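Student: The structure's right below; bear with me while I get my questions together.
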Amino acid sequence: MIDLRVLTAKDDIELSHSEFARKATPVKIIKDRSKCLRTNKCILDTYLLRNLPEEAVEDFIFYGIQSAGLEGQLFAIDLVDDGLYFNLDGPTYRFPAQLCDINTLRNTLEVLYFFKDNAINKAKYLSCDDGNSIAKILHSRAITTKSKHHKINYIKKTYFTPKKAISSEIKALCSRECTLRGEK
1 MIDLRVLTAK DDIELSHSEF ARKATPVKII KDRSKCLRTN KCILDTYLLR
51 NLPEEAVEDF IFYGIQSAGL EGQLFAIDLV DDGLYFNLDG PTYRFPAQLC
101 DINTLRNTLE VLYFFKDNAI NKAKYLSCDD GNSIAKILHS RAITTKSKHH
151 KINYIKKTYF TPKKAISSEI KALCSRECTL RGEK
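Okay, so the sequence shown: first residue is 1 according to UniProt numbering, each after it adds one.
Structure representation (structure tokens):
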């Protein structure tokens, strides 16, 4: 389950997925980051499949937030080359726990406002704000015509983890292979 889903106001088009945990444990942090990267990669791919103007394609890095307790970090995913997606770690933030920590709130708000502004900018390219039905049809950014930008050829299918039965089978095969090689 996604903890925070950011959508456009009218069309319910996804702009970001973020995860929030009660406590930071290594396993939880890594699982949540992996999940966020995969889901935000799918959002990025869907965005790039649309018939977008060139300026929208140039500004296509998608951001997400990962938080645990009172701490968090902004992260981004970028499609750099053919099938090469890159995770960029952004600034960290911390919500103040006591009044004496209130100065940390400024940095936290800067990070959260950056995240919000980026989502709003992406939404401008995806939503048709004109209430006119004809304009909505003719000027929609929907996937009705093939995208012409160069990044369209870079998109690769997302790999999600296998189902439990397949996952157990893979672990058993790896275990057998290690045994055959004399490894533990």
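Ideal Cβ placement from N, Cα and C applies to all residues, glycine included. The structure displayed is predicted, hence computed values, not measured ones.
What would DSSP say about L79, mapped onto helix, strand or coil?
Tutor: Working through the sequence shown from its first residue, we reach residue 79 at position 79. Correct three-state label for L79: strand.
Student: Count the other C-beta atoms from every protein chain shown that fall within 10 angstroms of the C-beta of I65, then say buried if there are 16 or more, exposed otherwise.
Tutor: Along the sequence shown, read from residue 1 onward, the residue named residue 65 stands at position 65. I65 should be labelled buried.
Student: Let me make sure I understand the geometry here. Which of V6, G69, E54 has the alpha-carbon closest to that of I29?
Tutor: On the sequence shown, residue 29 is found 29 positions in, with the first residue counted as 1. For I29, the nearest C-alpha among the options comes from G69.
Student: Do E14 and D32 count as a contact pair if the criterion is CB distance below 8 Å?
Tutor: Residue numbering aside, residue 32 sits at position 32 when the sequence shown is read from its first letter. Residue numbering aside, residue 14 sits at position 14 when the sequence shown is read from its first letter. Contact: no.
Student: Considering only residues of the same chain and omitting the five flanking positions on each side of K35, which have a CB-CB separation below 7 Å?
Tutor: Numbered from its first residue, the sequence shown carries residue 35 at position 35. If we look at K35 and ignore the five residues flanking it on each side, its Cβ neighbours are E19.
Student: Go ahead and pull the three-state DSSP assignment for L48.
Tutor: Counting from one through the sequence shown, the residue named residue 48 turns up at place 48. It is helical.
Student: Taking the straight line between their C-alpha atoms, what separation do you get for N153 and G72?
Tutor: Taking the sequence shown and counting its residues from 1, the one referred to as residue 153 is at position 153. Taking the sequence shown and counting its residues from 1, the one referred to as residue 72 is at position 72. C-alpha separation (whole angstroms): 34 Å.
Student: Would you kindly report the start and end of the unbroken alpha helix (DSSP H) that includes N107?
Tutor: Residue mapping note: residue 107 aligns to position 107 of the sequence shown, counting from 1. Where N107 is concerned, the enclosing alpha helix (DSSP H) stretches over 104 to 126.
Student: With C-beta atoms as the reference, is Y93 less than 8 Å away from T108?
Tutor: Along the sequence shown, read from residue 1 onward, the residue named residue 93 stands at position 93. Along the sequence shown, read from residue 1 onward, the residue named residue 108 stands at position 108. A contact, by the Cβ cut-off of 8 Å.
Student: In terms of residues, what are the limits of the beta strand (DSSP E) holding A68?
Tutor: Here residue 68 refers to the residue found at position 68 of the sequence shown. Residues 62 to 68.
Student: Need the endpoints of the alpha helix (DSSP H) that A56 sits in, please.
Tutor: Locating residue 56 in the sequence shown gives position 56, counting from the first residue. 54 to 58 is the extent of the alpha helix (DSSP H) around A56.
Student: Could you say which of N51, A21, L79, L49 lies nearest to F61 if we only look at CA atoms?
Tutor: As a first step, residue 61 is located in the sequence shown; it is residue number 61 there, counting from the start. At residue 61 the sequence reads Ile, which differs from the Phe that was named. Of the candidates N51, A21, L79, L49, the one whose C-alpha sits nearest the C-alpha of I61 is L79.
Student: Applying the 10 Å Cβ sphere with the 16-neighbour rule, what's the burial state of R50?
Tutor: Against the sequence shown, residue 50 aligns to sequence position 50. By the 10 Å Cβ count, R50 comes out buried.
Student: Mind checking I43: buried by the 16 CB within 10 Å criterion, or exposed?
Tutor: For this step, residue 43 is matched to residue 43 along the sequence shown. By the neighbour-count rule (16 or more Cβ atoms within 10 Å), I43 is buried.
Student: Taking 6 Å as the limit between beta carbons, can you name the residues of its chain near A56, skipping five residues before and five after?
Tutor: By 1-based counting over the sequence shown, the position of residue 56 is 56. Closer than 6 Å at the Cβ level, and outside the excluded window around A56, lie Y125.
Student: Alpha carbon to alpha carbon, how far is Y63 from A119? Give it in angstroms, no decimals.
Tutor: Walking along the sequence shown from the start, residue 119 turns up at place 119. Walking along the sequence shown from the start, residue 63 turns up at place 63. When rounded, the distance between both Cα atoms is 8 Å.
Student: Is the beta carbon of T158 closer than 8 Å to that of R38?
Tutor: Here residue 38 is taken as the residue at index 38 of the sequence shown, counted from 1. Here residue 158 is taken as the residue at index 158 of the sequence shown, counted from 1. Yes, they are a contact pair.
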